[in-house]
Structures are given as C-alpha cells and as structure tokens.
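If you're matching positions, the sequence shown starts at 286 in this note's numbering and goes up one per residue.
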Amino acid sequence: MPGKTEKLKMWTREMAEKHLQAEDEGGFLSAIGGSIGGFFNGVAGSVTPSWIEGLGRGVRFGFGVGTIMLTYLTAPTRAGKGATDLQRLEDAKRINRQCADEALELILSLKGYYVKAAQTLCGAGQFPPEFDEAFAVLLDQCPQEPFEVIKDIVESELGCNLGDIFEEFSMEAIAAASIAQVHLAKLKDGTEVAVKVQYPEVERFFHTDVGAVSVAVQLLGMGSQVKEVFATMQEQFQQEFDFSLEAGVMREIADNVLPKYSKDIVIPLPIDGSHPSCPHEKASTLCTAKVLTMEKLTGTPIRQHALPLMKMYAEAHGMTWEELKEILETKDMSKVDMNNPAVKRALEMGEVSTCQNQMLVAAVKVRNVASRLVGGCAQGCGAEPPKWSKS
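Below is the structure:
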C-alpha cells in the first residue's frame, strides 16, 4: 500500500488535474478553492491526531464555501438594467441553482458530518428553494458504495459468507443516505428483507469533524458554553452508528404496540436472535453494529400521500396548490394573509378525537373499495376509468 508521502503526492496531483479541468470549463474560482482545500485535507490526513484531519476537512469546507460565495457575488447576470422583476427573479434562481450544485458537490466529496448537517437543514427554510431542491437527494439518493465494499462489510459483521445467509442480495442499493445504504435481499427460507449497511468511513469522519469543530470553538473561547452541546451531539449520533441499538428499539416498539394494535399498524421486525427466520446455525443474529437486517415492508412514501391531500385541501378553500405551497413556504409570517379561509381553517384546527380518526379511516377504506370497483367496471367495459379511481 502507498505510504503517507505517496498519498500526499497523489492528492496533490489529483487536485492539480481538477484545477486545470475546471479552469478549461470556466470554473476558475471553484478550481482554486477545491485545490487549496484538497491540499489541506490531504496534509491533515497524513498526520495525527484525528482532530487535525478534521481541521483539514474543515479548512477544505471553508474554502469551498468561500468559492461558492465568490461565485454568487461575481456570477454574470443576464438581466439588464431595464429588466422586469420576473427576469431578475429568474436570473437569481439561475445563480442559486449554480451555487447549490457546487455546494452539493462539496458536501458529497466530504461526506460524514457535512452530509448529516445538510440533511438537517434541507427543507428547514434556511436556504433558497434551489438549495433545498439540490440537497433533497441527500435524504435517500447519496452516492452509493460499490457492491464489493458492501459485501465485505456484511460478511465481516455476520461472520459468514453472503451466500450462507441470503438466497438473493441486490447489487444495487434502493436508497443511500448520510451514514448507510439499503439493499433488498431474500433469506434462505424465502423471507424478503431489507439490509441496511453502514459506510466504512462514516463514523471516523463524523468524529474527526466534530472534534475539529470542538477544538475551533475552544480556540475562540467558547468551549465552556458549548461543551454540553457537543457531548450531547456525540452521544446521540453514537447511537445512530450502532445499528444493534436501532434493532433493539424496533423490537421493543413492536413488543409494546403490536399486541393491541396489530390490525391497524405494521412494524417491520429486525431479523435478530428472536426472529424465527434467523439462521442460527450460521449466525446468532443478522443485526450488528454496522448491519441491520429487517423484514421488507412494501408501501408508498408519505409524501406521495400528502401531496394529493394538500391539493384537495387547497381546492376545498378556493385556492390552487401553488398558492397554498407559497403560503406554507413563507418565512415572514407578517406577509401571510390571516384572513385567508385556508389559513384560518388550519389555525383553528383542534385535536382529532378517536371517533373522528376512526370515521376518517372508514371513509378512506370505503373510497378505496369504490375506486377499485369503478376502475374494474370501467376497464371491463373498455372505457377509461375516472381519474379519482386511479389515485
């Protein structure tokens, strides 16, 4: 394996090549920031202790943010002096999209804490909409680790070959987030499962990043003020890095909830030592610190259900979905029309009673049955089913 000096040479050479490529494409500022930041990151990765590596990553992040700000301030505008407000707005959106793409590339290159932080801020109203749109991929579509890496992690954690446990194991992940990616698989007994596998370097990156931020804060004389905050953050995220704890929580919730509400709620169970599908002759459990295997549960993301409901709510109050969306995304509450029927109705909503909840569930079930009947009859007659029967 190459030594630290050779690694540093490789990093320097890669950054130089990236610099030249970006300069040819007109991204001179981004190239400079990426080269300098990458150099500091490479140097930091070649020394100890770990917080120095985190400091190098922080410097790289700082240079990256700086170049993005320079891009924002120096990007040429297409709207002239006589441009309309709409033209200036479109120009601003274009620049925001360019900066958002650069920010996303920076975050994905750093991974670790920076992806988690961007996930937290995504949709929180802290950035322009163009940034939220770009960062949305961080929720479940982060870059995936190669299958060979995932296979090695699973086999190392479970202590056996992949083929000893699984009849099938998808090579492509169905989702990839900040600390892990998920693969669909099938056990030898035919049980379909989802396997969550932690990235190999993510925990180390997180600790180095948080350690660097902690040192920086102490140097600024604020260590005593935020010491407890960092301690709590470390403890909370440490639980996320131990998937066996997550499996235990899933099992505890299922044991407490399912005996009474099994007809209304489905909870996927972890394939742990208590699960009948656990292949005890090969592994005592399929849930470890880095691998979480659970029953596969098919369904529809709640966002896909929420959007039609929000559109129905808007129509019921004489609004378009775009108008309601604009209200929901308004950051300055003084600009919200409190006399708007939809806003007043939302503010006056009280607690939903058990009776109301049961009536809503019954109404949805009736609607679903009617949808299937009408859709089936229409297809049998060769007619086009109505739109409401398809949703």
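Ideal Cβ positions, reconstructed from N, Cα and C, are used throughout, including at glycine.
None of these values were measured; they are calculated from a predicted model.
{"Item": "Residues near Ala465 by beta carbon distance below 7 Å, same chain, minus five either side", "Value": "Lys481, Val482, Gln483 and Tyr484"}
{"Item": "Opposing strand residues paired with Cys572 [DSSP bridges]", "Value": "Leu577"}
{"Item": "8 Å Cβ cutoff met for Ile392 and Tyr398", "Value": "no"}
{"Item": "Residue from Met535, Val542 and Lys575 whose Cα sits closest to the Cα of Ser559", "Value": "Met535"}
{"Item": "Under the three-state DSSP convention, the category Ala461 falls into", "Value": "strand"}
{"Item": "Beta-carbon gap between Val543 and Ile556 smaller than 8 Å", "Value": "It is worth fixing the name first, because residue 543 is Leu in this sequence and not Val. Not in contact: Leu543 and Ile556 (Cβ atoms no closer than 8 Å)."}
{"Item": "Beta-carbon proximity of Ala461 to Leu469, cut-off 8 Å", "Value": "no"}
{"Item": "With 16 other Cβ atoms within 10 Å as the buried cut-off, status of Val434", "Value": "exposed"}
{"Item": "Among Leu582, Lys581 and Lys596, the one whose alpha carbon lies nearest that of Arg588", "Value": "Lys596"}
{"Item": "Whole beta strand (DSSP E) elements within the stretch 382 to 455, 3-residue minimum", "Value": "451 to 454"}
{"Item": "Sufficient close CB pairs (3 or more, under 8 Å) joining the stretch 521 to 533 to the stretch 576 to 588", "Value": "yes"}
{"Item": "CB contact flag (Arg345, Leu389, <8 Å)", "Value": "no"}
{"Item": "Proximity of Leu424 and Gln404 at Cβ, strictly below 8 Å", "Value": "yes"}
{"Item": "Anticipated Cβ contact below 8 Å, Leu571 with Ile450, distance rounded", "Value": "7 Å"}
{"Item": "Under the three-state DSSP convention, the category Glu477 falls into", "Value": "strand"}
{"Item": "Where Val467 falls: helix, strand or coil (DSSP)", "Value": "strand"}
{"Item": "Residue from Ser499, Gln641, Arg379 and Arg657 whose Cα sits closest to the Cα of Gly343", "Value": "Ser499"}
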